[in-house]
Amino acid sequence: IPMIAMIGGGLDIARAHLAKSRLSQACDAAALAGRRAMSNENIASAIPDATRFFNYNFPQGYLGTAAFTPAITRP
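So in the working numbering, the last one in the sequence shown is 117, and the numbering has no gaps at all.
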């Protein structure tokens with residue numbers, strides 16, 4: 043029984059790491075796409091492209107994650 047618990051814990055940690063890594067990649071892709079689409083420092087023109095790239099790279103419910111809406115803002 044302890045061996046089964048350790049294997050299950052290892053699988054859960056691996057899934058969490060995969061989701062975190064994929065989320066980081068999606069954030070990077072959205073930032074790059076948003077900056078490329080931005081014209082004259084107008085963030086309103088970049089938000090749709092950044093959101094589209096984020097949603098493409100990290101679909102809702104990926105690996106059992108909870109649904110959320112990404113907030114695209116300018117730092």
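All residues carry an ideal CB built from backbone N, CA and C; glycine is no exception.
All values derive from a computational prediction rather than experimental measurement.
Item, Value
"Let's test the definition: count the other Cβ atoms within 10 Å of the Cβ of residue 52 and tell me whether it reaches 16, buried, or not, exposed.", "exposed"
"Please identify the residue among 58, 64, 73 whose C-alpha is closest to the C-alpha of residue 115.", "73"
"Alpha carbons only, please: which of 95, 104, 58 is nearest the one belonging to residue 69?", "95"
"Going by DSSP, name the residue or residues bridged to residue 84.", "81"
"Compare the C-alpha of residue 113 against each of 106, 91, 105 and name the closest.", "91"
"Using the three-state DSSP reduction, which class does residue 44 fall into: helix, strand or coil?", "helix"
"Quick check on this structure: which residue in 104, 80, 110, 117 has the alpha carbon closest to the alpha carbon of residue 59?", "104"
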